[in-house]
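Trainee: From first to last, the protein sequence lines are chains A and B. Numbered continuously in this note's numbering, the first sequence closes out at residue 250. Numbered continuously in this note's numbering, the second sequence closes out at residue 352. Structure in C-alpha cells, see below.
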Amino acid sequence: MESIPTPIIGITDLALASSGISSHCDSNRLAVAHGDVIAVFTDSPADGRHLLRILATLEPPERGEYRFNGKTVDLKDYRQCLAVKRQIGYVAPGAAMLSNQTLRENLLLSRFYFENDLTIDLDITLDSLCKGAGLSRMLNRRPSVLSDGELLKAITVREMGKAPAVMLIEQPENFMEISENDNIFNHLKYMVGSGTAVVFVSHNSEMNGFANRQLTVAGGEIRTTSV
Amino acid sequence: MVNFVGALGRKTIRSVNRLMDLCALTYRLAAIAVPLPRTGRALIKRVIVEQVYFTAVQALPVIIPVALITGSMLIVQFSQLSGQVDLGKLLVVRVLREIGPLITTIIVILRSATAVTIEMSYMCVLHEIDALEMAGIDPLHTVCFPRLVGITTAIVSLILVFDLVAIIGGYAIVKGTTILPVEGFFQQIAKGVVGTDIAVGILKGAFFGITITVTCLYHGLARKNQITQVPVATSRAAVDCFFYCLVINIFISFIFYV
C-alpha cells in the first residue's frame, strides 16, 4: 500500500473568523503539499490575508491544530514558530523590510545571523533575482526610497532567497508580470518545479490559471478543489 | 467608596503585573547571555557596538558641557563654604554618589530611551518584527539583547566620563576664571574618594541601564496597531524610566550609606 506523503502544512479542524463570520473547513484537514499551487478565493480580501497570515504562523486561527512537516506547532509560542517561519516565504502588502538597514543588508540578514558571516556579497541566486527585478542599483539604499512595487519585489527576492518550502503571496500581479518575460515569475515556476508549494490570493486570471488547486472561503465554508 | 477601593485595587494589580512583566523580560534577556548562543553572534556584536556608539559616543557632546557646568557650579557653591567643610569630600559625595549617575541617566532617558521606544514601536506597527521572525530570527536576540548590553555599557561609561569631567573640568574652569579659594582641591578629593563611591556609581549605572532598556523595550514592543499609539508609549516609557531609576537610586544609596 502506497503511503501518503506528509504535507508541508496541515491544519486540522480549521475555523477562521476574520470578517465577522466564522468559516469552517469542509474536510477534516487543510493541507498544503509539495508542488501544490493553490489559488485562494474569498468573499472579502481580509479573509484571504488572514488565511495567508495563519499559514505563515503570524496569526492563530480561531480554531485548529497547525502542523508543519507532520509536527504540531504551538502558535502561541513564538519561539517554536521561528523554525517554521524560516521555511515559509511570505509576500504581502503588510510584509516589511527593516528600515534601518540597506536593501542589501535586508537580503543578507539570514546569512548574517545563521552563518555568522557579515560579508556583503550576494549569492548567485539573489544577485540574478535582483538583476531580473531591476533592484541592483538600489542595493545600497534604504527600503524607504523604494516604491511600493519595488519594495514588494525586494521582499519577494528576499523570501525566494530563503529557498522556502512554501511561498505565500498576496496579489502577485501588483508587483510581477504573470508572463515568461518576468524573472521573478520564472523563478517562482522553477521553485514549483522543484517541489516548493505556492499559495496565493490573486485577481489575475492568468495567475489563477497557474494553480492546480483552489481554496474557497465563502458562506462560512472553506473548500478545496483540484483544478 | 467601593468604587474608589475597586479602582485602587485594579490599578495596583496592573502595576504589579507590569512589574512582573518587566522582571520576566529582564530574566529572558539575561538568559540569552548565559551562554551567548553561537548562532547570530557576529550580528549581535555588531548591533551592540552600534548601540554603544549611538548612546555613549554620540551623547558625549551633551554630557561633557553638562558635566562642566554642573562641576564648576558645585565647586563655586561649595568653595563659599571653604574652611567650614571639606570641598573635595563634598564634591565626591555629591558628584560621584548622586549627581553623576542621575544626570547621566536623565540625559540617556531623554536621548536614547525615547529613541529606543519609538524604534521598537515603529518596528511593531510597520511589521518589521514580523519580518525578523519570518527570517527565523528571534527579535529578543538581535533587537533586545544588544540594546540591553549596549545601553548598560554606555551608561556606565558615561557616568565615569561625567564624574571625571565634572571634577577635573569644573576645577579647571573655576581655577581659570575666578579667584575663589580652591587650593588643595585634588588632595582633598584623593582623601575623600573611597572605592565604594566608585563602585556605587558603576552599580547604579548598571542597574539604571538595565531598567531603562527593559522598560523601553517593554513599552516599545507592547501590542500596537496604530502609529498614534507610539507617542503614548514613548511618554509612558520615559516617565517610568525616570521613576524606576529614582527608586533604584534611593534603594542603592540606602544599602551602601545608611
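Just so it is clear, CB atoms sit at the ideal spot from N, CA and C, and this is done for glycine as well. All figures in this text were calculated on a predicted structure; none of them were measured in a lab.
Do we get a CB-CB distance below 9 Å when we pair residue 89 of chain A with the residues of chain B?
Mentor: False, the Cβ-Cβ gap to chain B never drops below 9 Å.
Trainee: Can you say whether residue 147 of chain B is buried or exposed, counting buried as having 16 or more other CB atoms within 10 angstroms of its CB?
Mentor: Its Cβ having fewer than 16 others within 10 Å, residue 147 of chain B is exposed.
Trainee: Using Cβ-Cβ distances below 9 Å, what residues of the region 106-122 of chain B are close to chain A?
Mentor: Listed by position, the residues of the region 106-122 of chain B near chain A (Cβ gap below 9 Å) amount to none.
Trainee: In whole angstroms, what is the alpha-carbon distance linking residue 149 of chain B and residue 192 of chain B?
Mentor: Their Cα atoms are separated by approximately 21 Å.
Trainee: Over the uninterrupted alpha helix (DSSP H) stretch that includes residue 347 of chain B, give me the two end residues.
Mentor: Segment 323-351, the alpha helix (DSSP H) holding residue 347 of chain B.
Trainee: Any beta carbon from chain B within less than 9 Å of residue 40 of chain A's own beta carbon?
Mentor: Chain B, which has no Cβ nearer than 9 Å to the Cβ of residue 40 of chain A, makes this no.
Trainee: Is residue 211 of chain A close to chain B? Criterion is C-beta to C-beta, closer than 9 Å.
Mentor: Chain B, which has no Cβ nearer than 9 Å to the Cβ of residue 211 of chain A, makes this no.
Trainee: Can you give me the C-alpha to C-alpha distance between residue 272 of chain B and residue 199 of chain B, rounded to a whole angstrom?
Mentor: If you take the alpha carbons of residue 272 of chain B and residue 199 of chain B, they lie about 30 Å apart.
Trainee: Report, in whole angstroms, the separation of the C-beta atoms of residue 356 of chain B and residue 306 of chain B, which I expect to be a contact under 8 Å.
Mentor: What is shown of chain B runs 95 to 352, which leaves residue 356 of chain B out entirely.
Trainee: Cβ of residue 241 of chain B within 9 Å of Cβ of residue 141 of chain B?
Mentor: The answer is yes: Cβ separation under 9 Å.
Trainee: Compare the C-beta of residue 197 of chain A with all C-beta atoms of chain B and state if any pair is closer than 9 Å.
Mentor: Not an interface residue.
Trainee: With H, G and I counted as helix, E and B as strand and the rest as coil, what does DSSP make of residue 161 of chain A?
Mentor: It is helical.
Trainee: If contact is defined by three or more beta carbon pairs under 8 Å, each pair taking one atom from either stretch, is the region 184-198 of chain A in contact with the region 109-116 of chain A?
Mentor: The region 109-116 of chain A, when compared against the region 184-198 of chain A, does touch it at the 8 Å Cβ threshold.
Trainee: Under the rule that 16 or more other beta-carbon atoms within 10 Å means buried, what is residue 349 of chain B, buried or exposed?
Mentor: Its Cβ having fewer than 16 others within 10 Å, residue 349 of chain B is exposed.
Trainee: Kindly say whether residue 170 of chain A, judged by its beta-carbon, lies nearer than 9 Å to any beta-carbon of chain B.
Mentor: Judged by the 9 Å Cβ criterion, residue 170 of chain A is not in contact with chain B.
Trainee: Count Cβ pairs between the region 290-303 of chain B and the region 243-261 of chain B that sit closer than 8 Å; are there 3 or more?
Mentor: With the cut-off at 8 Å, the region 290-303 of chain B and the region 243-261 of chain B touch.
Trainee: Between the C-alpha atoms of residue 8 of chain A and residue 86 of chain A, what's the straight-line distance to the nearest angstrom?
Mentor: It is not possible to answer for residue 8 of chain A, since the shown part of chain A is limited to 24 through 250.
Trainee: Residues in the same chain with beta-carbon distance under 7 Å from residue 186 of chain B, minus the five sequence neighbours each way, listed in chain order, please.
Mentor: 283, 286, 287 and 291, listed in sequence order.
Trainee: Does residue 199 of chain B come out as helix, strand or coil in the three-state DSSP assignment?
Mentor: Correct three-state label for residue 199 of chain B: helix.
Trainee: Just the chain B side, please: which residues come within less than 8 Å of residue 102 of chain A by C-beta, in chain order?
Mentor: Residues of chain B passing the Cβ test: 232.
Trainee: Can you tell which of A:199, A:228, A:238 and A:208 has its C-alpha closest to the C-alpha of residue 172 of chain A?
Mentor: When each option's Cα is compared against that of residue 172 of chain A, the closest is A:199.
Trainee: Give the straight-line distance between the Cα atoms of residue 130 of chain B and residue 102 of chain B, rounded to the nearest whole angstrom.
Mentor: Straight-line Cα distance between these residues: approximately 42 Å.
Trainee: Along chain B, in chain order, which residues have C-beta atoms closer than 7 Å to that of residue 94 of chain A?
Mentor: Going along chain B, no residue has its Cβ under 7 Å from residue 94 of chain A, so there is no contact; the nearest lies around 16 Å.
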